[in-house]
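A.B. asks: This is the structure I want to talk about, given as structure tokens.
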Amino acid sequence: MSEEIKTIKVTIDNITIDVAPGTSILQAARMIGGDVTPPAMCYYSKLEGSGGKCRTCLVEVAAGSTADPRPMPKLVASCRTGVMDGMIVKNMTSEKVPEARAGVVEFLLLNHPLDCPICDQAGECHLQDLGYDHGKEGTRYQFARRTFKKEDIGPYIQLHMTRCILCYRCTYVADQITNKRAHGIIDRGDHAAISTYISKAIDNDFSGNMIDVCPVGALTDKTFRFKNRVWFTKPMDAHRDCQTPGCCGKATLWLRGDEVFRVTARKDEWGEVQSFDGKPGWICNTCRFETKQTSSWTIEGLTTISRHSVIGANKYQTLEMPKETVKKVMRGVEPKLLMDIHSVSGVNNPDIHLSEINGPAHSSDFKK
Amino acid sequence: MQALTNKAKQVDRAPMSFIEKMYLPAIIKGMSITFSHIFKKKPTINYPEKTRPFSPVFRGMQILNRDAEGRENCTACGLCAVACPAEAITMEAAERQHGEENLYREEKYAAKYEINMLRCIFCGLCEEACPKDAIYLSETFTPADYQRKQFIYSKNDLLIPHPQENPEAYKKALGNRANKITVN
Chain W
-5 MSEEIKTIKV TIDNITIDVA PGTSILQAAR MIGGDVTPPA MCYYSKLEGS GGKCRTCLVE
55 VAAGSTADPR PMPKLVASCR TGVMDGMIVK NMTSEKVPEA RAGVVEFLLL NHPLDCPICD
115 QAGECHLQDL GYDHGKEGTR YQFARRTFKK EDIGPYIQLH MTRCILCYRC TYVADQITNK
175 RAHGIIDRGD HAAISTYISK AIDNDFSGNM IDVCPVGALT DKTFRFKNRV WFTKPMDAHR
235 DCQTPGCCGK ATLWLRGDEV FRVTARKDEW GEVQSFDGKP GWICNTCRFE TKQTSSWTIE
295 GLTTISRHSV IGANKYQTLE MPKETVKKVM RGVEPKLLMD IHSVSGVNNP DIHLSEINGP
355 AHSSDFKK
Chain X
23 MQALTNKAKQ VDRAPMSFIE KMYLPAIIKG MSITFSHIFK KKPTINYPEK TRPFSPVFRG
83 MQILNRDAEG RENCTACGLC AVACPAEAIT MEAAERQHGE ENLYREEKYA AKYEINMLRC
143 IFCGLCEEAC PKDAIYLSET FTPADYQRKQ FIYSKNDLLI PHPQENPEAY KKALGNRANK
203 ITVN
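As they're listed, the protein sequences go chains W and X. Residue numbers for the first sequence follow the working numbering, so the first one is -5 and each next one is one higher. Residue numbers for the second sequence follow the working numbering, so the first one is 23 and each next one is one higher.
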């Protein structure tokens, strides 16, 4: 009988691994992990049909299979190419791949506004990482970048079409996770744009997951908009008993002091939503946008952040606070506080709770 | 132990001679050095009437820059704060509303921006980190004060004067580095 599980051998950057038939090169590379893995901007393993659009995962296939060891004539998109027995793939060891990828990055950044100082995604942006890791220093593009009319797509999600790289992930989220898709990509070529068409608000319970899958800052959390930079907030794993069917209730809280500034799904090492018991851990809009009190969550501890990430800056897992010694030495006399910073400083005012403001803060919020 | 240089001198513990015991020759020798300085060039200057020439790389008090139309350059991106080794810089951002376009250059701006001058070490990393040419270290000293609370500098203390409303003060605040700044 055909009960036995057939595995096929594939060699990526001189590392051989046995995988099940039907696995894509990218997935096989992710099983090996590390530098072998090509970057992916549009492919999302938890979304069916994603991939094949951004071309950042291009690899060189040096030998097609044992049966037909001829190399593939062109670089192939690893997210959409299945492995064959005896296939030899070159990613970082290839001479062509880094050059081709730099070209792809240049194309992705052609129309990108490069407004990272304003963008809320900065610090956790895949396009930023890609640009730094695989891109070139300058652009040769000299024309005006495309712009779009600003569109309001509801109270929770902020759309910045100029930053979009048309990866289609958000449309797959709407198709596969929410029961109704209210937005899509309209027009073609240079004019192609994410739109809700006649500005229909996206108000599905799981629409917030589009923010998590967006690799750039095109879709960002409006309730977090401009509140703080990502690297100044402290990510904490937390869970709550969520009643919404389909919501896993496990999230990452982004704290500033004791205030919850933002709630996101938990991310794995590839920047995708983590899976729990084989199911992707999507979270509902109630958890994401409306549960911003630490009391509603059971906090598990600090999220593990890659030490190369700016988000890990100034955060200490085992911080031992120095003990106050003055009182002990001075036989019970309290130390004299020379200055209470809140009496002078306007920043981090204990009377202004930014997390309670829906949407970005305005000048009127600070006049109190 | 072997000496690193040949400048080491052995301490002479021999008893003093008669001339040394008189002390006067040594005192005269010392006083002659002291009085000779009266006729030398004075190294002190009458600050603040006179100031020393600044080094071209002198790093003084921070200034928040404006563009030619007087709009604030800062977008509260937080790069200065994350670069600051003394953690002296804090800020809070806000969204620009309609009617505020003449105040702030981009849609996000720093509603609050503070530098704790008690912490600042004038390293200039904030200036290096800034992608918007918004903060730079000027050629002025941070003024001394009697109270600690005076050293928490808010936007009022840091912002450069408006280039159109107060062009003279703006030019003065820019200092001799004006060319470098306006070129962008």
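C-beta: ideal position from N, C-alpha, C; glycine also. Model, not experiment: these values are computed from the prediction.
What three-state label does DSSP hand residue 52 of chain W in the structure shown?
C.D. replies: Residue 52 of chain W sits at position 58 when you count from the first residue of the first sequence. Three-state DSSP puts residue 52 of chain W in a strand.
A.B. asks: With burial defined as no fewer than 16 other Cβ atoms inside 10 Å of the residue's Cβ, what is the status of residue 204 of chain X: buried or exposed?
C.D. replies: Start at 1 with the first residue of the second sequence, and residue 204 of chain X comes out as number 182. Per-residue confidence for residue 204 of chain X stands at a pLDDT of 47, beneath the threshold of 50, marking its modelled position as unreliable; no derived number is given.
A.B. asks: Note down, in chain order, each residue of its chain lying with its Cβ closer than 8 Å to the Cβ of residue 296 of chain W, except the 5 sequence neighbours on either side.
C.D. replies: Working through the first sequence from its first residue, we reach residue 296 of chain W at position 302. Around residue 296 of chain W: 228, 229, 230, 231, 309, 311.
A.B. asks: Could you compute how far the alpha carbon of residue 247 of chain W sits from the alpha carbon of residue 55 of chain W?
C.D. replies: As a first step, residue 247 of chain W is located in the first sequence; it is residue number 253 there, counting from the start. As a first step, residue 55 of chain W is located in the first sequence; it is residue number 61 there, counting from the start. Near 42 Å, if we compare the C-alpha coordinates of residue 55 of chain W and residue 247 of chain W.
A.B. asks: Taking C-beta to C-beta, are residue 267 of chain W and residue 40 of chain W nearer than 8 Å?
C.D. replies: Looking up residue 267 of chain W in the first sequence gives position 273. Looking up residue 40 of chain W in the first sequence gives position 46. In contact: residue 267 of chain W and residue 40 of chain W (Cβ atoms closer than 8 Å).
A.B. asks: Please report the distance separating the alpha-carbon of residue 234 of chain W from that of residue 292 of chain W.
C.D. replies: Counting from 1 along the first sequence, the entry for residue 234 of chain W is found at position 240. Counting from 1 along the first sequence, the entry for residue 292 of chain W is found at position 298. Taking the straight line from one Cα to the other gives about 6 Å.
A.B. asks: If you measure beta-carbon to beta-carbon, which residues of the region 306 to 334 of chain W are closer than 8 Å to chain X?
C.D. replies: Answer in chain order: 307, 308, 332, 333.
A.B. asks: State the Cα-Cα distance for the pair residue 348 of chain W and residue 65 of chain X, rounded to the nearest angstrom.
C.D. replies: Taking the first residue of the first sequence as position 1, residue 348 of chain W is located at position 354. Taking the first residue of the second sequence as position 1, residue 65 of chain X is located at position 43. Cα to Cα, residue 348 of chain W sits roughly 55 Å from residue 65 of chain X.
A.B. asks: Would you tell me roughly how many angstroms separate the C-alpha atoms of residue 26 of chain W and residue 32 of chain W, rounded to the nearest one?
C.D. replies: The residue given as residue 26 of chain W occupies position 32 in the first sequence. The residue given as residue 32 of chain W occupies position 38 in the first sequence. Approximately 11 Å, taken between the alpha carbons.
A.B. asks: Would you give the residue range spanned by the beta strand (DSSP E) that residue 229 of chain W belongs to?
C.D. replies: Counting from one through the first sequence, the residue named residue 229 of chain W turns up at place 235. Note, residue 229 of chain W: beta strand (DSSP E), 228 to 233.
A.B. asks: Classify residue 314 of chain W as buried or exposed, calling it buried when 16 or more other Cβ atoms lie within 10 Å of its own Cβ.
C.D. replies: For the purposes of this step, residue 314 of chain W is taken as residue 320 along the first sequence, with counting starting at 1. Exposed.
A.B. asks: Alpha carbon to alpha carbon, how far is residue 71 of chain W from residue 78 of chain W? Give it in angstroms, no decimals.
C.D. replies: Start at 1 with the first residue of the first sequence, and residue 78 of chain W comes out as number 84. Start at 1 with the first residue of the first sequence, and residue 71 of chain W comes out as number 77. Taking the straight line from one Cα to the other gives about 15 Å.
A.B. asks: Quick one, which of W/95, W/84, W/83, W/138 has its alpha-carbon nearest residue 105 of chain W's?
C.D. replies: Within the first sequence, numbered from 1, the residue matching residue 105 of chain W stands at position 111. The shortest Cα separation from residue 105 of chain W among W/95, W/84, W/83, W/138 belongs to W/138.
A.B. asks: Against chain W, with Cβ distances strictly below 8 Å, would residue 113 of chain X count as a contact?
C.D. replies: Locating residue 113 of chain X in the second sequence gives position 91, counting from the first residue. Residue 113 of chain X counts as touching chain W.
A.B. asks: What's the call for residue 102 of chain W, buried or exposed, on a 16-neighbour Cβ count within 10 Å?
C.D. replies: Counting from one through the first sequence, the residue named residue 102 of chain W turns up at place 108. It is buried - the Cβ of residue 102 of chain W has at least 16 other Cβ atoms within 10 Å.
A.B. asks: Do residue 87 of chain W and residue 8 of chain W have their C-beta atoms within less than 8 Å of each other?
C.D. replies: By 1-based counting over the first sequence, the position of residue 87 of chain W is 93. By 1-based counting over the first sequence, the position of residue 8 of chain W is 14. Cβ atoms of residue 87 of chain W and residue 8 of chain W: closer than 8 Å.
A.B. asks: Residue 244 of chain W bridges to which residues according to DSSP?
C.D. replies: Counting from 1 along the first sequence, the entry for residue 244 of chain W is found at position 250. Residue 244 of chain W is bridged to W/233.
A.B. asks: Note down, in chain order, each residue of its chain lying with its Cβ closer than 8 Å to the Cβ of residue 262 of chain W, except the 5 sequence neighbours on either side.
C.D. replies: What you label residue 262 of chain W is simply residue 268 of the first sequence in a count that begins at 1. Contacts found: 268, 269.
A.B. asks: Could you tell me which residues DSSP puts in a beta bridge with residue 250 of chain W?
C.D. replies: Translated into the one-based positions of the first sequence, residue 250 of chain W becomes position 256. Answer by DSSP bridge pairing, in chain order: W/253.
A.B. asks: Which residue marks the beginning of the beta strand (DSSP E) containing residue 4 of chain W, and which one marks its end?
C.D. replies: Counting from 1 along the first sequence, the entry for residue 4 of chain W is found at position 10. Element bounds for residue 4 of chain W: 2 to 6.
A.B. asks: Could you check the C-alpha separation between residue 260 of chain W and residue 338 of chain W for me, to the nearest Å?
C.D. replies: Along the first sequence, one-based indexing puts residue 260 of chain W at 266. Along the first sequence, one-based indexing puts residue 338 of chain W at 344. Rounded to whole angstroms, residue 260 of chain W to residue 338 of chain W spans 38 Å at the Cα level.
A.B. asks: Can you give me the start and stop residues for the alpha helix (DSSP H) that residue 127 of chain W sits inside?
C.D. replies: Within the first sequence, numbered from 1, the residue matching residue 127 of chain W stands at position 133. Start and end: 120 to 128.
A.B. asks: Since I believe residue 317 of chain W is in contact with residue 329 of chain W (beta carbons under 8 Å), could you give me their beta-carbon distance rounded to a whole number of angstroms?
C.D. replies: Sequence index remark: in the first sequence, residue 329 of chain W carries index 335 (1-based). Sequence index remark: in the first sequence, residue 317 of chain W carries index 323 (1-based). No, residue 329 of chain W and residue 317 of chain W are not in contact; Cβ-Cβ is about 12 Å, not under 8 Å.
A.B. asks: Could you work out which residues of chain X lie near residue 354 of chain W, taking near to mean beta carbons separated by less than 9 Å?
C.D. replies: To locate residue 354 of chain W, count along the first sequence from 1; it is residue 360. Correct list: 115, 116, 117, 130.
A.B. asks: Alpha carbon to alpha carbon, how far is residue 158 of chain X from residue 213 of chain W? Give it in angstroms, no decimals.
C.D. replies: What you label residue 213 of chain W is simply residue 219 of the first sequence in a count that begins at 1. What you label residue 158 of chain X is simply residue 136 of the second sequence in a count that begins at 1. Taking the straight line joining both Cα atoms gives about 33 Å.
A.B. asks: Scan the region 140 to 154 of chain X for residues whose Cβ lies nearer than 7 Å to a Cβ of chain W and list them as they occur along the chain.
C.D. replies: Answer set for the region 140 to 154 of chain X: 153, 154.
A.B. asks: By how many angstroms is the C-alpha of residue 50 of chain X removed from the C-alpha of residue 57 of chain X?
C.D. replies: In the second sequence, the residue the question calls residue 57 of chain X occupies position 35. In the second sequence, the residue the question calls residue 50 of chain X occupies position 28. Residue 57 of chain X and residue 50 of chain X: Cα-Cα distance of roughly 10 Å.
A.B. asks: Could you tell me whether any Cβ in chain W is nearer than 8 Å to the Cβ of residue 13 of chain X?
C.D. replies: The structure shown does not extend to residue 13 of chain X, since chain X is modelled only from 23 through 206, so no value can be given for it.
A.B. asks: Which runs of the alpha helix (DSSP H) at least 4 residues long sit entirely within the region 102 to 180 of chain W? Give them in chain order.
C.D. replies: The qualifying runs are 120 to 128, 163 to 170.
A.B. asks: What is the residue span of the alpha helix (DSSP H) that residue 56 of chain X lies within?
C.D. replies: Here residue 56 of chain X corresponds to residue number 34 of the second sequence, with the count starting at 1. First-last of the alpha helix (DSSP H) with residue 56 of chain X: 46 to 58.
A.B. asks: Tell me which residues share the same chain as residue 185 of chain W and place their Cβ nearer than 7 Å to its Cβ, disregarding the 5 neighbours each side in the sequence.
C.D. replies: Numbered from 1 along the first sequence, position 191 holds the residue referred to as residue 185 of chain W. Answer for residue 185 of chain W: no residue qualifies.
A.B. asks: Measure the C-alpha to C-alpha separation of residue 281 of chain W and residue 28 of chain W and round it to an integer number of angstroms.
C.D. replies: One-based indexing of the first sequence puts residue 281 of chain W at position 287. One-based indexing of the first sequence puts residue 28 of chain W at position 34. Rounded to whole angstroms, residue 281 of chain W to residue 28 of chain W spans 33 Å at the Cα level.
A.B. asks: Going along the chain, which residues of its own chain have a beta-carbon closer than 7 Å to the beta-carbon of residue 108 of chain X, five neighbours each way excluded?
C.D. replies: In the second sequence, counting from the first residue as 1, residue 108 of chain X sits at position 86. Closer than 7 Å at the Cβ level, and outside the excluded window around residue 108 of chain X, lie 141, 142, 143.
A.B. asks: Would you list, in chain order, the members of the region 170 to 203 of chain X that have their beta-carbon closer than 7 Å to a beta-carbon of chain W?
C.D. replies: Hits within the stretch, in order: 170, 171, 174, 176.
A.B. asks: Terminal residues of the continuous alpha helix (DSSP H) containing residue 81 of chain W?
C.D. replies: Position 87 of the first sequence, counted from the first residue, corresponds to residue 81 of chain W. Careful: residue 81 of chain W lies outside any alpha helix (DSSP H), inside the beta strand (DSSP E) at 81 to 84.
A.B. asks: Based on DSSP bridge pairs, tell me the residues matched to residue 259 of chain W.
C.D. replies: Residue mapping note: residue 259 of chain W aligns to position 265 of the first sequence, counting from 1. Looking at the DSSP assignment, residue 259 of chain W forms a beta bridge with W/245.
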